[in-house]
Amino acid sequence: MKKNIIYLVLIIIIGIIAFVPGVKEYLRDQFFPIATIENAVHVSEEDYDIELKGINAPSTNLKNFKNKPIFLNFWGTWCPPCRKEWPTIQKLYDSRKGNVDFILIAMNDQEDAVRKFLKENNYTVPVYIAQSPISEKILPKVFPTTFLIDQHGRIIIKEDAYRDWNTETVHQFIDNIIK
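Its first residue numbered 1, the sequence shown is counted upward by one per residue in full-length UniProt numbering.
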């Protein structure tokens with residue numbers, strides 16, 4: 001009988017986490033920094049070598065951002081979740097651009113469509129189109145995919161879905177990784 005009650009409680013807890021809106025995100029926001037730092041993957045010198053054509057920023061190579069904290073986002077104008085998270089990325093950029101370098105790479109997109117999207121929405125976050133192959137370590141499988149990489153090349157966060165990037169938790173996390 002006691003065992004059945006324990007199982008029932010566990011099923012209820014799992015059900016709440018899985019089906020109550022916002023609970024999973026709240027728990028992830030509370031615990032993701034610890035879990036991701038412990039299991040951080042490092043970006044190698046070769047992984048950084050990506051030629052980037054600037055859309056609203058000068059053309060560059062990702063390796064020029066090595067040894068700096070980076071907010072690296074892969075997105076497309078054709079991707080509804082990507083478009084949905086853009087306002088939160090812009091707000092994060094406006095408040096943290098002095099602390100972390102923002103690199104948003106438009107994937108499977110035409111330059112004209114990207115320029116039009118940025119202009120229509122008054123977005124100023126630096127956007128690029130990759131001109132050379134992207135390492136399998138950071139090549140996205142789904143869109144949007146975002147990496148927060150610290151100055152040592154560790155992937156601290158990998159988010160492969162829509163996320164509100166303008167939360168207090170994310171701001172604090174960025175402030176902590178740049179120390």
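Don't be surprised by glycine CBs; every beta carbon is placed ideally from N, CA and C.
- In this structure, ASP101 sits near PHE65, with a CB-CB distance shorter than 8 Å.
- Residue range 154-159 is occupied by the beta strand (DSSP E) that includes ARG154.
- The region 113-127 and the region 66-86 touch, with no fewer than 3 CB-CB distances between them shorter than 8 Å.
- Distance check between LEU118 and each of ILE70, ASN108 and LEU104 places LEU104 closest, using alpha-carbon atoms only.
- Relative to ALA130, the option among LEU62, LEU8 and ILE14 whose CA is nearest is LEU62.
- Of LYS91, ILE156 and ALA106, the smallest CA-CA separation from ASN122 is found for LYS91.
- Apart from sequence neighbours up to five positions away, the residues of its chain that approach ASP109 with a beta-carbon distance below 6 Å are GLY76 and THR77, ordered along the chain.
- Closest in alpha carbon position to ILE134, among ASN73, CYS82 and THR169, is ASN73.
- Exposure of ASP175 is indicated by the presence of fewer than 16 other C-beta atoms within 10 angstroms of its C-beta.
- Taking the Cα positions, PHE143 is about 10 Å away from GLU159.
- Closest by C-alpha distance to GLU85, out of TRP165, ILE12 and ASP49, is TRP165.
- The C-alpha of GLY54 is placed about 11 Å away from the C-alpha of VAL125.
- The residues ALA40, VAL41, VAL43, PHE147 and ILE149, in chain order, have a CB closer than 7 Å to that of ILE155 in the same chain once the five nearest residues on each side in sequence are set aside.
- About 18 Å separates the beta carbon of ILE177 from that of ASP47, a gap too long to meet the 8 Å contact definition.
- Non-local beta-carbon contacts of ASP94 in its own chain, meaning distances under 7 Å to residues more than five positions away in sequence, are absent.
- In the DSSP assignment, the residues bridged to ASN61 are GLU51.
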